[in-house]
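Novice: Numbering (UniProt numbering), first residue to last: 1 to 294. For each residue, glycine too, the CB sits at the ideal point set by N, CA and C.
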């Protein structure tokens, strides 16, 4: 199983149109710091699952027949707009799973084209895709929204690894927080749109303080921030000592792979940044691939 962060930004992305803040200026001059809207790709057994459908040039990046399934967090336009182009394509239908939102987005349900919308998922009711167990987890957002908990067992090592993908949300519902505290989380990918001081009562996304509180309870081995705004990026530039290898901003293109020790020994998935997280008594490894930023 491999997860790739296709984007790690919020709906404004980075650089923000017309903005000359420190973060946006850096992104304009160095493409490594640009951020597309948050979404991800999961690959397993030669199949591809899109986690939200909003990545740049989706139709060019994923040729006909390459997408096995689409899994939606919610139906806000900034997470599903790629579906409007995809639906009028030609070829085999693509199954689409998502939360129980009767409205969906615009006329997607009425005119679905080659999109095969499946019955809505139910909170905490797990399902399987390519040997991965996926559990929908309720988020706190202005629209019905699910985060997802992925469990994958390496058949070579018989070790199981767990990844939680949580966006869009401000804090977590009590039942979701409690569920995650009872279950192992090796890697946490979590919404962090705002810097710590941003505490507007009507905000719709986490600030860094929210994330720290969530992480303190869940105790993941590794945390990456997603749905990042230029405001948070500026704060991070001004406070570089705050972050660590265990908790830091995610990057577009960053990859997380569940591999066995054999894969490491044979030199598969060579990368400029390599970390191996081992459970006691387990040979299973979690590989992080990313390019260092200057």
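Between 289, 201, 125, which lies nearest to residue 148 when the distance is taken from Cα to Cα?
Specialist: Here residue 148 refers to the residue found at position 148 when the chain shown is read from its first residue. For the residues 289, 201, 125, the minimum Cα distance to residue 148 belongs to 125.
Novice: Please confirm whether residue 145 and residue 73 have their CB atoms less than 8 Å apart.
Specialist: The sequence position of residue 145 within the chain shown is 145, counting from 1. The sequence position of residue 73 within the chain shown is 73, counting from 1. Closer than 8 Å, so yes.
Novice: Can you grab the Cα-Cα spacing for the pair residue 117 / residue 123, in whole Å?
Specialist: Taking the first residue of the chain shown as 1, we reach residue 117 at position 117. Taking the first residue of the chain shown as 1, we reach residue 123 at position 123. Those two C-alpha atoms are separated by around 17 Å.
Novice: So, with DSSP's three-state summary, where would you put residue 40?
Specialist: Numbered from its first residue, the chain shown carries residue 40 at position 40. Residue 40 falls in the strand class under three-state DSSP.
Novice: Using three-state DSSP, classify residue 48 as helix, strand or coil.
Specialist: Against the chain shown, residue 48 aligns to sequence position 48. Strand at residue 48.
Novice: Relative to the C-alpha of residue 180, which residue among 91, 63, 150, 56 is closest?
Specialist: Translated into positions along the chain shown, residue 180 becomes position 180. Residue 150 is the option with its Cα nearest to residue 180.
Novice: Starting from the Cα of residue 28, find the closest Cα among 21, 35, 38, 15 and give me that residue.
Specialist: Within the chain shown, residue 28 is the residue found at index 28, counting from 1. Minimum Cα distance to residue 28 is reached at 15.
Novice: If you reduce the DSSP assignment to three classes, tell me which class residue 85 lands in.
Specialist: For the purposes of this step, residue 85 is identified with residue 85 of the chain shown, where counting begins at 1. Reduced to three states, the DSSP call for residue 85 is helix.
Novice: Count Cβ pairs between the region 6-20 and the region 239-258 that sit closer than 8 Å; are there 3 or more?
Specialist: Because the criterion of three Cβ pairs below 8 Å is met, the region 6-20 and the region 239-258 touch.
Novice: Taking the alpha-carbon of residue 226 as reference, which of 69, 90, 205, 57 has the nearest alpha-carbon?
Specialist: The count along the chain shown starts at 1 and reaches residue 226 at position 226. Cα-wise, what sits closest to residue 226 is 205.
Novice: Near residue 246, what residues of its chain come up, given a Cβ to Cβ distance below 8 Å and the 5 sequence neighbours on each side ignored?
Specialist: Start at 1 with the first residue of the chain shown, and residue 246 comes out as number 246. Within the same chain, residue 246 has close Cβ partners 221, 222, 223.
Novice: Which residue marks the beginning of the beta strand (DSSP E) containing residue 164, and which one marks its end?
Specialist: Your numbering for residue 164 matches position 164 in the chain shown. Segment 159-166, the beta strand (DSSP E) holding residue 164.
Novice: Under the three-state reduction of DSSP, which class applies to residue 182: helix, strand or coil?
Specialist: Locating residue 182 in the chain shown gives position 182, counting from the first residue. Helix.
Novice: Pick from 98, 111, 214, 254: whose alpha carbon is nearest that of residue 136?
Specialist: The residue labelled residue 136 in the question sits at position 136 within the chain shown. When each option's Cα is compared against that of residue 136, the closest is 98.
Novice: Kindly confirm or deny that the region 28-37 and the region 157-168 touch, where touching means at least three C-beta pairs closer than 8 Å.
Specialist: No, because fewer than three Cβ pairs between the region 28-37 and the region 157-168 fall closer than 8 Å, the two stretches do not touch.
Novice: Is it buried or exposed for residue 254, if we count other Cβ within 10 angstroms and need 16 for buried?
Specialist: As a first step, residue 254 is located in the chain shown; it is residue number 254 there, counting from the start. Per the 10 Å Cβ criterion, buried.
Novice: For residue 82, does the count of other Cβ atoms within 10 angstroms reach 16, so buried, or fall short, so exposed?
Specialist: Your numbering for residue 82 matches position 82 in the chain shown. Flag for residue 82 reads buried.
Novice: Might you give, ordered along the chain, the residues of its own chain that have their beta carbon closer than 6 Å to the beta carbon of residue 76, omitting 5 neighbours on each side?
Specialist: Translated into the one-based positions of the chain shown, residue 76 becomes position 76. Closer than 6 Å at Cβ, skipping near neighbours: 143.
Novice: Give me, in chain order, the residues of the same chain whose beta-carbon lies closer than 7 Å to that of residue 61; leave out the 5 immediate sequence neighbours on both sides.
Specialist: Mapped onto the chain shown, residue 61 falls at position 61. Excluding residues within five positions, the ones whose Cβ falls inside 7 Å are 55.
Novice: Can the beta-carbon of residue 176 be found closer than 8 Å to that of residue 138?
Specialist: Here residue 176 refers to the residue found at position 176 of the chain shown. Here residue 138 refers to the residue found at position 138 of the chain shown. Result yes, Cβ atoms of residue 176 and residue 138 sit closer than 8 Å.
Novice: Report buried or exposed for residue 59, applying the criterion of at least 16 other Cβ atoms within 10 angstroms of its Cβ.
Specialist: Here residue 59 corresponds to residue number 59 of the chain shown, with the count starting at 1. Exposed is the call here.
Novice: Can you round the beta-carbon distance between residue 86 and residue 108 to whole angstroms, since I take them to be within the 8 Å contact cut?
Specialist: Reading the chain shown from its first residue, position 86 is the one you call residue 86. Reading the chain shown from its first residue, position 108 is the one you call residue 108. So it is not a contact: roughly 10 Å between Cβ atoms.
Novice: Determine the DSSP secondary structure at residue 218, reduced to helix, strand or coil.
Specialist: Here residue 218 corresponds to residue number 218 of the chain shown, with the count starting at 1. Three-state result, residue 218: helix.
Novice: Which runs of the beta strand (DSSP E), 3 residues or longer, sit entirely within the region 59-115?
Specialist: Listed in chain order, they are 69-71, 94-97.
Novice: Could you check how far apart the C-beta atoms of residue 152 and residue 40 are, in whole angstroms? I think they sit under 8 Å.
Specialist: Position 152 of the chain shown, counted from the first residue, corresponds to residue 152. Position 40 of the chain shown, counted from the first residue, corresponds to residue 40. Actually they are not in contact, since the Cβ atoms of residue 152 and residue 40 sit about 14 Å apart, beyond 8 Å.
Novice: Tell me the rounded alpha-carbon separation between residue 267 and residue 258.
Specialist: By 1-based counting over the chain shown, the position of residue 267 is 267. By 1-based counting over the chain shown, the position of residue 258 is 258. Residue placement at residue 267 is flagged as unreliable, the pLDDT there being 39, under the threshold of 50; the coordinate-derived value follows with that caveat. Approximately 14 Å, taken between the alpha carbons.
Novice: Assuming residue 186 contacts residue 167 (C-beta within less than 8 Å), just tell me the rounded distance between them.
Specialist: The residue you call residue 186 lines up with position 186 of the chain shown. The residue you call residue 167 lines up with position 167 of the chain shown. Not quite, the Cβ-Cβ distance comes to about 18 Å (not below 8 Å), so this is no contact.
Novice: Check this for me: beta carbons of residue 69 and residue 129, under 8 Å apart or not?
Specialist: If you number the chain shown from 1, residue 69 lands on position 69. If you number the chain shown from 1, residue 129 lands on position 129. Going by C-beta atoms, residue 69 is nearer than 8 Å to residue 129.
Novice: By Cβ distance, which residues of its chain are closer than 6 Å to residue 4, with the 5 residues on each side in sequence left out?
Specialist: Residue numbering aside, residue 4 sits at position 4 when the chain shown is read from its first letter. 41, 255, listed in sequence order.
Novice: For residue 100, which residues of its own chain have a beta-carbon under 8 Å away from its beta-carbon, when the five flanking residues on both sides are left out?
Specialist: As a working note, residue 100 is residue 100 in the chain shown. So the list reads 120, 121, 122, 144, once near-sequence residues are dropped.
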